C-alpha cells in the first residue's frame, strides 16, 4: 500500500527517491530550478513535477495526503552564512507551513541545517510552533 505525499523544494530528487523506497507515492513534487525539474522528469517520468516558485503554488488539490515533505533552503539558517532567518528572502518556512495547512496532511517532515536550532532563531521557532498549534502535528 502506497502513501500519498507532496514534496516541496524537491531538488534533483534524493529525498523523493528515499521516500519512494519507503512506500510513498508522490502526487506532487515542487521545485523552482529548471535543471532539477528536468532531472526529476527524466528519472521518474510518472511523477507529477511542478516547476515554479512556492509563493505561487497551492496545495488545495492535495487535501488529505499522508505526508507533506521538503527541505526548504538552508542559507537563512546556516552557520556558514549570516543567519538572517526570516529576514532572508530565501526563508521558505512560512510558505511550507501555509502549504501544509492547505493540504492538511497526516504528517509533515521538513528538514534543515543544524543552525536552525540556534538560539538566534528561538522567536522564529516559536512562530512556527504557534502556526501549527491548531494542526495535528508537533514540532
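Residue numbers (this note's numbering): 3 to 141.
Heads up, the beta-carbon is just placed ideally off N, CA and C, and yes, glycines get one too.
Treat the numbers as computed from the prediction; the structure is a model and nothing was measured.
{"Check": "Three-state secondary structure assigned by DSSP to residue 91", "Outcome": "coil"}
{"Check": "Residue 37 and residue 74 closer than 8 angstroms at C-beta", "Outcome": "no"}
{"Check": "Residue burial classification, residue 20 (beta-carbon count within 10 angstroms, cutoff 16)", "Outcome": "exposed"}
{"Check": "Euclidean distance between Cα positions of residue 94 and residue 53", "Outcome": "16 angstroms"}
{"Check": "Secondary structure of residue 34, DSSP reduced to three states", "Outcome": "coil"}
{"Check": "Residue 42 burial status per 10 Å Cβ neighbour count (16 or more: buried)", "Outcome": "buried"}
{"Check": "CA nearest to the CA of residue 12, picked from 40, 25, 24", "Outcome": "40"}
{"Check": "Supposed close pair residue 10, residue 56 - CB separation, criterion 8 angstroms", "Outcome": "6 angstroms"}
{"Check": "Inter-residue spacing [alpha-carbon to alpha-carbon] between residue 82 and residue 111", "Outcome": "24 angstroms"}
{"Check": "Which of helix, strand or coil DSSP assigns to residue 27", "Outcome": "strand"}
{"Check": "Rounded separation between residue 4 and residue 118 - CA only", "Outcome": "31 angstroms"}
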